[in-house]
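Enquirer:
Residue numbers (this note's numbering): 1395 to 1775.
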């Protein structure tokens, strides 16, 4: 069985999807499956990995309706028995379903959060036209839609899509020996992500101030993330203004970090916070938990498991709730912090390791090709 995965970019600056798709495909190959990737590489956003099974062409990031004929040929030359498309709203993700249909090959689409109702409300005229001309047709003809959490499943159904939906999370490569969970000399609370209003970084900063943590020299709030667009730069400027207005003296702005540089800073954190107004997954959550770092996540993210596994807090993303939770976090004893970290590591191994997720994907692919009993993680209602 050969499965061709398609992703617009695996660029180092492109966030969680680049790493998670690479992890998925590498995990499948380690289990003996012929899995490959077709993608593009932007000269200003080099791909995170290169391998003989990653087929790529170099070119600029394409806008909707722009055509890159070399990618069309790349897709036709490397199509497998199943096509698994990651993301939407790009030239590669338009071509992949079209090629699959032309060749009679089943395809799977993972929208990666782009079908959430709040995201669809923000779409431009160009994207609304794209939806009408291409996207709804591609989705309704897909063999399966791939959601990464239950909330995404509900959001996809709300769009009127009636195809089978498989709920399979993103994965992370787990080392054979987990890192030690050791309390830090200074408590550093981190945020990792885009400088975007939907991430609610302003709410985190206000919560930090409400908890009276902004002037303590034994604490730091570490903001990791860069800007690529004008609206992100404007949002970042508003965050600096908020910092000044609230007279917060212990925020550390790290900017965009990637690879080893990002990992090195993450190792210094005591907590990671995901205060988003909406979040499809959040790779930084499982990255943090695997390092033994407890997580605070808002109820607008799919991380209720943090409460269930006692490795963090899943709370309303109001300023008061964040303030209360931050107060609890920085007051947690070192012994309890260590136990929370260890429980978080076990949660990731059990549910989000490459090995566990690869097994589910293989089961899905076999069902797509051969039929039989529907996997328990596939929903048709």
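Glycine is no exception: its CB is placed at the ideal position from the N, C-alpha and C atoms.
(1) List the DSSP bridge partners of residue 1692.
(2) Between the beta-carbon of residue 1470 and the beta-carbon of residue 1752, is there less than 8 Å?
(3) DSSP on residue 1506, reduced to helix/strand/coil?
(4) So residue 1402 is in the beta strand (DSSP E); what residue range does that whole segment cover?
(5) Alpha carbon to alpha carbon, what distance is there between residue 1639 and residue 1747?
(6) Just the Cα atoms here: how many angstroms apart are residue 1573 and residue 1736?
(7) Please check if any C-beta of chain B sits within less than 8 Å of the C-beta of residue 1465.
(8) Look up residue 1561 in the DSSP assignment and give the residues it is bridged to.
(9) Pull the bridge partners of residue 1773 from the DSSP assignment, please.
(10) Between residue 1548 and residue 1717, what straight-line distance do the alpha-carbon atoms span, to the nearest angstrom?
(11) Assuming residue 1587 and residue 1711 form a contact by the criterion Cβ under 8 Å, report the distance between their Cβ atoms to the nearest whole angstrom.
(12) Is the region 1616-1624 touching the region 1717-1734 in the sense that three or more CB pairs, one from each, lie closer than 8 Å?
(13) Mapping the DSSP letters down to three states, classify residue 1648 as helix, strand or coil.
(14) What residue range is occupied by the uninterrupted alpha helix (DSSP H) comprising residue 1636?
(15) Assign residue 1646 to one of two classes, buried (16 or more other C-beta atoms within 10 Å of its C-beta) or exposed (fewer than that).
(16) Among residues of its own chain, excluding the 5 on either side of residue 1495, which ones have a beta-carbon nearer than 8 Å to its beta-carbon?
(17) Take the Cβ of residue 1607 as the centre, count every other Cβ of all protein chains shown within 10 Å, and call the residue buried at 16 or more, exposed below.
(18) According to DSSP, what are the bridge partners of residue 1584?
(19) Compute the beta-carbon to beta-carbon distance between residue 1681 and residue 1566, rounded to the nearest angstrom, for a pair I have assumed lies under 8 Å.
(20) Let me confirm a value: residue 1600 is counted as buried when at least 16 other C-beta atoms fall within 10 Å, else exposed. Which label applies?
(21) With DSSP as the reference, please indicate the residues paired to residue 1566 in a beta bridge.
(22) For residue 1439, which residues does DSSP report across the bridge?
(23) Among the candidates 1562, 1713, 1662 and 1492, whose CA atom is the shortest distance from the CA of residue 1670?
(24) Buried or exposed, going by whether 16 or more other CB atoms sit within 10 Å of the CB of residue 1463?
(25) Does the pairing of the region 1398-1407 with the region 1430-1444 give three or more beta-carbon distances under 8 Å?
(26) Relative to the C-alpha of residue 1466, which residue among 1487, 1481 and 1480 is closest?
(27) Classify residue 1501 as helix, strand or coil using the three-state DSSP reduction.
(28) Over the uninterrupted alpha helix (DSSP H) stretch that includes residue 1592, give me the two end residues.
(29) Using C-beta distances below 6 Å, list every residue in its chain close to residue 1721, excluding the 5 sequence neighbours before and after it, in chain order.
(30) Sort out for me which residues DSSP pairs residue 1477 with in a bridge.
(31) Along the chain, where does the beta strand (DSSP E) that runs through residue 1452 open and close?
(32) In this structure, how does DSSP classify residue 1729 when only helix, strand and coil are distinguished?
(33) From the DSSP secondary-structure annotation, give me the bridge partner or partners of residue 1702.
(34) DSSP has residue 1428 in a bridge; who is on the other side?
(35) Please identify the residue among 1660, 1654, 1739 and 1661 whose C-alpha is closest to the C-alpha of residue 1699.
Expert: So, to answer that:
(1) The residue given as residue 1692 occupies position 298 in the chain shown. 1709, per the DSSP bridge assignment.
(2) By one-based count along the chain shown, residue 1470 stands at place 76. By one-based count along the chain shown, residue 1752 stands at place 358. Cβ distance not < 8 Å, so residue 1470 and residue 1752 don't count as in contact.
(3) Mapped onto the chain shown, residue 1506 falls at position 112. Three-state result, residue 1506: coil.
(4) Within the chain shown, numbered from 1, the residue matching residue 1402 stands at position 8. Residues 1396-1403.
(5) As a working note, residue 1747 is residue 353 in the chain shown. As a working note, residue 1639 is residue 245 in the chain shown. If I take the Cα positions, the gap works out to 43 Å.
(6) As a position in the chain shown, residue 1573 is number 179, starting the count at 1. As a position in the chain shown, residue 1736 is number 342, starting the count at 1. So the alpha carbons of these two residues sit roughly 10 Å apart.
(7) Of the protein chains in this structure there is only one, and it is not chain B.
(8) Along the chain shown, one-based indexing puts residue 1561 at 167. Residue 1561 is bridged to 1541.
(9) Here residue 1773 is taken as the residue at index 379 of the chain shown, counted from 1. Beta-bridge pairing links residue 1773 to 1559.
(10) For the purposes of this step, residue 1548 is taken as residue 154 along the chain shown, with counting starting at 1. For the purposes of this step, residue 1717 is taken as residue 323 along the chain shown, with counting starting at 1. If I take the Cα positions, the gap works out to 30 Å.
(11) Within the chain shown, numbered from 1, the residue matching residue 1587 stands at position 193. Within the chain shown, numbered from 1, the residue matching residue 1711 stands at position 317. For a cut-off of 8 Å, the C-beta gap from residue 1587 to residue 1711 is around 14 Å, too long to register as a contact.
(12) no
(13) Counted from its first residue, the chain shown places residue 1648 at position 254. In the structure shown, residue 1648 sits in a strand (DSSP, three-state: E or B).
(14) For this step, residue 1636 is matched to residue 242 along the chain shown. That run of the alpha helix (DSSP H) goes 1624-1639.
(15) Taking the first residue of the chain shown as position 1, residue 1646 is located at position 252. The residue in question, residue 1646, is exposed, as its Cβ has fewer than 16 Cβ neighbours within 10 Å.
(16) As a working note, residue 1495 is residue 101 in the chain shown. Excluding positions up to five away in sequence, the list reads 1501 and 1535.
(17) As a working mapping, residue 1607 is identified with position 213 in the chain shown. Counting other Cβ atoms within 10 Å of its Cβ, residue 1607 reaches 16 or more and is therefore classed as buried.
(18) Against the chain shown, residue 1584 aligns to sequence position 190. Looking at the DSSP assignment, residue 1584 forms a beta bridge with 1616 and 1666.
(19) In the chain shown, the residue the question calls residue 1681 occupies position 287. In the chain shown, the residue the question calls residue 1566 occupies position 172. Right, the Cβ-Cβ distance comes to about 6 Å (below 8 Å), so this counts as a contact.
(20) As a first step, residue 1600 is located in the chain shown; it is residue number 206 there, counting from the start. Counting Cβ neighbours within 10 Å, residue 1600 comes out buried, since at least 16 surround it.
(21) The count along the chain shown starts at 1 and reaches residue 1566 at position 172. In the DSSP output, where bridge partners are listed per residue, residue 1566 has 1747.
(22) Here residue 1439 is taken as the residue at index 45 of the chain shown, counted from 1. Beta-bridge pairing links residue 1439 to 1436.
(23) What you label residue 1670 is simply residue 276 of the chain shown in a count that begins at 1. Residue 1713 is the option with its Cα nearest to residue 1670.
(24) The count along the chain shown starts at 1 and reaches residue 1463 at position 69. By the neighbour-count definition (other C-beta atoms within 10 Å, threshold 16), residue 1463 is an exposed residue.
(25) yes
(26) Along the chain shown, read from residue 1 onward, the residue named residue 1466 stands at position 72. When only C-alpha atoms are compared, the closest one is 1487.
(27) As a first step, residue 1501 is located in the chain shown; it is residue number 107 there, counting from the start. Here DSSP, grouped into helix, strand and coil, assigns residue 1501 to strand.
(28) What you label residue 1592 is simply residue 198 of the chain shown in a count that begins at 1. No alpha helix (DSSP H) holds residue 1592; DSSP gives it neither H nor E.
(29) Looking up residue 1721 in the chain shown gives position 327. These residues qualify, in order along the chain: 1605.
(30) In the chain shown, the residue the question calls residue 1477 occupies position 83. Residue 1477 is bridged to 1398 and 1501.
(31) As a first step, residue 1452 must be located in the chain shown, where it is residue number 58. Where residue 1452 is concerned, the enclosing beta strand (DSSP E) stretches over 1448-1452.
(32) For the purposes of this step, residue 1729 is taken as residue 335 along the chain shown, with counting starting at 1. It is helical.
(33) By one-based count along the chain shown, residue 1702 stands at place 308. Its beta-bridge partners do not exist; DSSP assigns none.
(34) Within the chain shown, residue 1428 is the residue found at index 34, counting from 1. Answer by DSSP bridge pairing, in chain order: 1396.
(35) If you number the chain shown from 1, residue 1699 lands on position 305. The shortest Cα separation from residue 1699 among 1660, 1654, 1739 and 1661 belongs to 1739.
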